[in-house]
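With the UniProt record's numbering, the residue at position 309 of the sequence shown is 309, and numbering never jumps.
A short worksheet on the structure shown next.
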Amino acid sequence: MAAMSETERETVGVLGATGYVGRAAVAALRERGYEVMPAAGSDHEEFPAVDVRDRGAVRTFVDDVDALVNAAGLVGIDACEANPAAALEINGLGAATVAWACARAEVPIVHLSSVATVGVPDPDEGPITAATERRPGTAYGRTKLLGERAVRTVTNGRVPSITYSATNVYGRREPGAPAGNSVLDFYLERAVADETLTVHRPGTQELDFVHVRDVAAAVARAVDVFSGDQYEPETRSYVLGRGRSYSVLEVAGLVADGYRRRTGSPLGIELRAPPSTDEPTVERFDVDPEPLRSELGVDPERTVSEWIGTELERRLGGTGTGTGTATAKEGNGERRSQDSNLGQPR
């Protein structure tokens, strides 16, 4: 795949282009100057449909692009537990089908996965990286792990591939775009509705958040890497997070504080019993973002507190007397990261 010239733009295919991350990736790639060919997973008014379970459809689609982004997937713990067969077919076998088509056509691939593949980490093993042992405890995590391994096995030595295991993705690409499914987005919705923020006990579960715009920028950067004059047919994997962890209770506090500053009124926080006592509490889930920075030049820049303030100001309008900025302290400022169950990665 040659570098772009002023007269010829590379075509990047995006599978799962109607999804939360896929839609943001399409916009980011277009902003970078790529010709983007989006595809939906099912019938859609705007984009053609390409089901990753259909080998012929995937092969035909891949044959017409210079690079591919696979953002297709059955997303979320609940959705995959409700339909494990579909999770296997889409997240696992579907990823293998896409990787096979890319290897056959010599098309580089960016594959989107999740840190749900990690499961409950051993805190003694240090920060989470791509090399961390995977012990997923959910159908979502297991099927996404199968997809990761399929991409690595099929593409290694044949075609370049970059896999991102994203932490808790939140926010909107722009006003009006689909919102995220993270606990942070959930708390923002409740705050705007002036509803109490509910936290599952003990509230110390930690999460790492990465904004959807930063995920999309990382995808575009990976395609840039493939667009260089020289690249090796190697497979690379990265944990895509900001490297800064928050407890669930801390997240609720940031939202409540931002709401108070914006409106002048308090917002309640209520601790509740967890919906299941069988799931272990992940007290620490530190992510190391250094490989992203040093190897790809990817450095997620949007902070949770700034986003909370901006969103509250935008959505609450001119009410209240506050500054519109959530300024509750975010710990000691260290960039360490996490994931947990009121926010298992979606």
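Each residue gets a CB set at the ideal place from its N, CA and C atoms; glycine is no exception.
Residue burial classification, residue i (beta-carbon count within 10 angstroms, cutoff 16)
i           : result
Ala131      : exposed
Ala3        : Confidence at Ala3 is low in this model, with a pLDDT of 42, below 50, so the placement of that residue is unreliable and no value is reported for it.
Ala166      : buried
Ala82       : exposed
Ala49       : exposed
Asp124      : exposed
Thr323      : Any answer about Thr323 is weak, because its pLDDT of 44 lies below 50 and its placement is not dependable; what the coordinates show is given next. Thr323 comes out exposed.
Pro108      : buried
Thr321      : Unreliable placement is indicated for Thr321, whose pLDDT of 49 sits below 50; the coordinate value is still reported in the next sentence. Exposed is the call here.
residue 351 : Only positions 1 to 346 of the chain appear in this structure, which leaves residue 351 out of reach.
Glu46       : exposed
residue 354 : The shown model of the chain, from 1 to 346, leaves out residue 354, and the question about it has no answer.
Leu271      : exposed
Glu313      : buried
Glu148      : buried
Beta-carbon separation (whole angstroms), residue i vs residue j, contact threshold 8 Å
i      : j      : result
Gly92  : Ala150 : 7 Å
Val58  : Met37  : About 13 Å separates the two Cβ atoms, so there is no contact after all.
Tyr170 : Tyr238 : At roughly 19 Å, the Cβ-Cβ gap does not stay under 8 Å, so Tyr170 and Tyr238 are not in contact.
Leu15  : Val98  : 7 Å
Arg201 : Pro274 : 6 Å
Arg173 : Ala27  : 6 Å
Gly243 : Pro289 : 4 Å
Glu301 : Asp214 : 7 Å
Ala53  : Gly13  : Note that residue 53 is Arg in the sequence shown here, rather than Ala. Wrong, their Cβ atoms sit about 17 Å apart, outside the cutoff.
Ala220 : Leu29  : 5 Å
Val304 : Leu184 : 7 Å
Arg158 : Ala79  : Contact doesn't hold; Cβ gap of about 32 Å is too wide.
Phe186 : Ala67  : Not confirmed; about 34 Å, so no contact.
Selected residue, minimal CA-CA separation from residue i, among the options
i      : options                           : result
Ala222 : Arg293, Ile77 and Gly126          : Arg293
Asp43  : Arg55, Thr18 and Val26            : Thr18
Glu89  : Tyr246, Arg261 and Lys144         : Lys144
Ile128 : Tyr34, Ala85 and Pro291           : Pro291
Tyr259 : Leu296, Ile308 and Asp214         : Ile308
Val212 : Glu232, Phe186, Asn181 and Arg158 : Asn181
Pro136 : Gly119, Glu148 and Gly126         : Gly119
Ser247 : Arg262, Asp286, Val52 and Glu133  : Asp286
Phe61  : Ala39, Glu45, Arg53 and Cys80     : Ala39
Val298 : Asp224, Arg272, Gly33 and Arg314  : Asp224
Pro160 : Leu249, Glu232 and Gly94          : Glu232
Thr198 : Ser245, Thr155, Glu234 and Leu249 : Leu249
Gly228 : Leu271, Leu184, Asp122 and Leu296 : Leu296
Asp63  : Glu106, Asp122 and Arg32          : Glu106
Gly41  : Thr11, Ala86 and Ile77            : Ala86
Tyr34  : Gly56, Glu10 and Cys80            : Glu10
Arg315 : Asn168, Leu188 and Ala101         : Leu188
Arg261 : Arg284, Ser245, Glu311 and Thr303 : Glu311
Thr235 : Arg104, Trp100, Gly147 and Thr153 : Thr153
Gly317 : Leu271, Asn168 and Thr263         : Thr263
Ile77  : Glu148, Ala67, Asp51 and Asn168   : Asn168
Arg55  : Gly203, Asp257 and Ala96          : Ala96
Arg284 : Gly126, Asp257, Glu31 and Arg134  : Gly126
Identified DSSP bridge partners for residue i
i      : result
Ile269 : Leu197
Asn70  : Leu15 and His111
His211 : Tyr170
Pro38  : Val14
Arg135 : Gly119
Ile128 : Val287
Thr235 : Ser161
Ala49  : Ala40
Ser247 : Glu206
Leu240 : Ala166
Taking contact to mean 3 or more Cβ pairs, one atom from each stretch, closer than 8 Å, check whether the region 137-145 and the region 104-115 are in contact. With the cut-off at 8 Å, the region 137-145 and the region 104-115 touch.
Any chance the region 203-222 sits against the region 253-263, with 3 or more Cβ pairs inside 8 Å? They do not touch, by the three-pair rule.
Would you check if there are 3 or more beta carbon pairs closer than 8 Å linking the region 20-28 to the region 66-75? Proximity of the region 20-28 to the region 66-75 meets the contact definition, three or more beta-carbon pairs being nearer than 8 Å.
Counting Cβ pairs closer than 8 Å, one from the region 259-269 and one from the region 185-196, do we hit at least three? Yes, since at least three Cβ pairs between the region 259-269 and the region 185-196 fall closer than 8 Å, the two stretches touch.
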